[in-house]
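Numbering (my numbering), first residue to last: 32 to 313.
Right, here's the structure in full:
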């Protein structure tokens with residue numbers, strides 16, 4: 032539901048939202064960019080004067096075959112040992128009471144086996160939310176951090192689910208036998224769903240040694256490519272993503288690119304983009 036107003040805004044202004052077109056490669060062509068997509072057996076190319084990436088820096092950098100960009104971001108790129116993915120469980124259980132708080136962090140007496148998490152987060156459906164479940168039921172989302180997801184495999188999801196279920200029973204959220212449905216997922220599923228490398232969540236952690244001016248800039252390549260999202264802004268979730276997008280827009284305006292008008296008599300953009308530049312500008 033959150034994305035629908037954004038889609039409507041784009042379409043009302045003549046834009047189109049294209050789904051299931053994962054980008055494989057981005058190449059600088061003249062004064063623009065050639066964007067190659069591949070989904071199943073269909074390959075498509077787009078040409079753009081400006082490019083904005085809202086995916087993580089890890090994934091964005093991998094799309095550009097550029098030694099210059101590799102050198103630029105080598106020290107800023109965070110790798111698996113610095114990041115977290117998540118073990119996630121979706122639950123439905125019988126409602127026995129109304130909860131005054133819908134979002135919780137529960138501390139565990141011992142770290143979760145396999146992943147070492149010492150707590151987990153719990154979000155409950157609102158009692159007036161009858162779209163996802165009956166009034167007599169509660170939908171719950173559970174998540175726990177997985178450190179260094181590239182090297183922390185989860186081989187027994189049921190073991191983690193049993194421990195979390197027992198903890199919720201002990202804390203009085205429901206009674207044994209009240210659990211009606213459960214599904215679980217790990218880093219591999221997160222990577223498949225979101226496309227984020229290693230399925231990492233929460234953006235770039237804000238380590239104390241990183242100063243705000245040392246964070247990733249919205250100007251990705253210093254030309255017409257920009258980047259936003261939770262690896263570029265000192266915050267997480269929707270707030271970090273939205274504020275980073277606002278910063279990218281402001282920098283586009285400052286660069287004089289938001290109101291670019293094609294000079295009289297100039298070639299059409301698509302003619303310029305299709306010229307195969309022999310020299311790489313990156």
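Where is the CB? At the ideal position from N, CA and C, for every residue including glycine.
Residue 262 classed as buried or exposed, judged by whether at least 16 other C-beta atoms fall within 10 angstroms:
buried
Is residue 125 helix, strand or coil by DSSP?
For residue 125, the secondary structure class from DSSP, reduced to helix, strand or coil, is strand.
Verify whether the separation of the beta carbon atoms of residue 270 and residue 260 is less than 8 Å.
no
Classify residue 238 as helix, strand or coil using the three-state DSSP reduction.
coil
Kindly examine the ligand COA and report whether one of its heavy atoms sits closer than 7 Å to the Cβ of residue 228.
The ligand COA is absent from the structure shown, which contains no ligand whatsoever.
Bridge partners - residue 178, DSSP secondary structure assignment:
115
DSSP-derived helix/strand/coil call for residue 32:
In the structure shown, residue 32 sits in coil (DSSP, three-state: anything other than H, G, I, E or B).
If you check the beta carbons only, do residue 78 and residue 177 fall under 8 Å apart?
It is not a contact, given that the beta carbons lie outside the stated cut-off.
So residue 255 packs on residue 82, CB below 8 Å; how close in whole Å?
6 Å
Just to confirm, is the Cβ distance from residue 181 to residue 229 under 8 Å?
yes
Grab me the residues of residue 210's own chain with a C-beta within less than 8 Å of its C-beta, minus the 5 sequence neighbours each way, in chain order.
Closer than 8 Å at the Cβ level, and outside the excluded window around residue 210, lie 122, 123, 124 and 196.
For the beta strand (DSSP E) that contains residue 79, what are its first and last residues?
73-79
Taking the alpha carbon of residue 169 as the point to measure from, which residue in 179, 153, 183 and 119 has its own alpha carbon closest?
153
Please say whether residue 213 and residue 192 have beta carbons closer to each other than 8 Å?
Yes, the Cβ-Cβ distance between residue 192 and residue 213 is below 8 Å.
Taking all protein chains shown into account, decide if residue 156 is buried (16 or more other Cβ within 10 angstroms of its Cβ) or exposed.
buried
6 Å CB neighbourhood of residue 88 in its chain, flanking five on each side removed
247 and 262
Through-space distance from residue 102 to residue 219, alpha-carbon basis
Cα to Cα, the separation comes out at about 29 Å.
Check whether residue 151 and residue 137 have beta carbons under 8 Å apart:
yes
Any idea what DSSP makes of residue 157, helix, strand or coil?
Coil at residue 157, not helix or strand.
Ranges of the beta strand (DSSP E) found wholly within the segment 126-151, counting only runs of at least 3:
134-138
Using the three-state DSSP reduction, which class does residue 258 fall into: helix, strand or coil?
In the three-state DSSP reduction, residue 258 falls in the strand class (E or B).
What distance in whole Å lies between the Cβ atoms of residue 68 and residue 53, which are believed to be in contact at a cut-off of 8 Å?
6 Å
Taking C-alpha atoms, which residue in 268, 148 and 56 lies nearest to residue 233?
268
Beta-ladder partner(s) of residue 68, from DSSP
54 and 75
Out of curiosity, what's the CA-to-CA distance linking residue 100 and residue 274?
24 Å
Do residue 206 and residue 127 have their C-beta atoms closer together than 8 Å?
Against a cut-off of 8 Å, the Cβ pair of residue 127 and residue 206 comes out as a contact.
DSSP beta-bridge partners for residue 95?
Beta-bridge annotation (DSSP): residue 95 is paired with 57.
For a test of the three-state rule: what should DSSP assign to residue 192, helix, strand or coil?
helix
Take the Cβ of residue 217 as the centre, count every other Cβ of all protein chains shown within 10 Å, and call the residue buried at 16 or more, exposed below.
buried
As assigned by DSSP and simplified to three states, the class of residue 46
coil
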